[in-house]
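Data first, discussion second: the structure below is written as structure tokens.
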Amino acid sequence: MAVTGGALVLFLLFHGSMNIVAIFSEDSYRWICEFLGANWYALVGTVGLAVLMVLHLIYAFILSLENYRARGRQRYAVNERPEGVSWASKNMLAIGAFVLFGLAFHLYDFWAKMQLAEIKGNAPVDGIDQIKFIFSNNYFSVMYLLWLVAIWFHLSHGIASVMQSIGWSNIQWKRRLEWLGNFFAIVIVAMFASVVIYYWLIV
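Quick note: the sequence shown uses our numbering, first residue 6, plus one each step.
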């Protein structure tokens, strides 16, 4: 769970860095889209990313089931959140489900009309034109921003959890890693959100 999650965080950093280029240079973004089209290295990366996502989902359900079984049939008499336990950490599966729901829309809006279309032998849509089309719609823009909020909650706990699971956290570094996790979560979400806001409210 930690290894796949960490790899997906690195992908989000790359993807966010790629997307934010659209704000500064539309031609550069078009070049990136062409570079990452149906080329063999992009296809290998896409398959690898899909495998990581599937493994992450499988282990999410496995760990949630194990936690449920460990508690047994007796539920907690007190449901107050223990001190130091974040809301996100107690609701990671639900947040992850919402993230997955948003991902389905994102894949349909962009990947299916770009790389997948090229794989099928059809002409892909222009990346900038698709961004402008999607984020000119108030409903889609708000939906994407809500999705990004869910991603932030998932990442804010997930990044620190990765560090703890692989043994890089301890009493001295716990708070620092939590701060670092929040920082990277903010950076990643801000990169994506800036593109939505720019093409929704500015352009």
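Where is the CB? At the ideal position from N, CA and C, for every residue including glycine.
Contacting residues, own chain, Cβ-Cβ under 7 Å from residue i (five flanking each side not counted)
i: S161; result: A93, G186, N187, A190
i: L57; result: T9, A12, L13
i: G101; result: A65, H159
i: L98; result: A65, S69
Contact set for residue i: own chain, Cβ-Cβ below 6 Å, skip 5 residues either direction
i: W152; result: G107
i: C38; result: G132
i: L62; result: none
Assumed close pair residue i, residue j - CB separation to whole angstroms, cut-off 8 Å
i: Q135; j: F115; result: 6 Å
i: I139; j: V104; result: Contact doesn't hold; Cβ gap of about 18 Å is too wide.
i: M6; j: A55; result: About 17 Å; that fails the 8 Å criterion.
i: L150; j: V192; result: With a Cβ gap of about 16 Å, L150 and V192 do not count as contacting.
Delimiting residues of the alpha helix (DSSP H) encompassing residue i
i: I124; result: 120 to 124
i: N72; result: 45 to 76
i: Q177; result: Premise fails: Q177 is in no alpha helix (DSSP H) and is neither H nor E.
i: I164; result: 143 to 170
i: G107; result: 97 to 111
i: V14; result: 7 to 29
Minimum C-alpha distance to residue i - residue among the options
i: V130; options: I193, G53, Y113, W184; result: Y113
i: L182; options: V192, M168, I193; result: M168
i: Y46; options: L150, E31, Q120; result: Q120
i: Y144; options: L206, G163, S170, K125; result: L206
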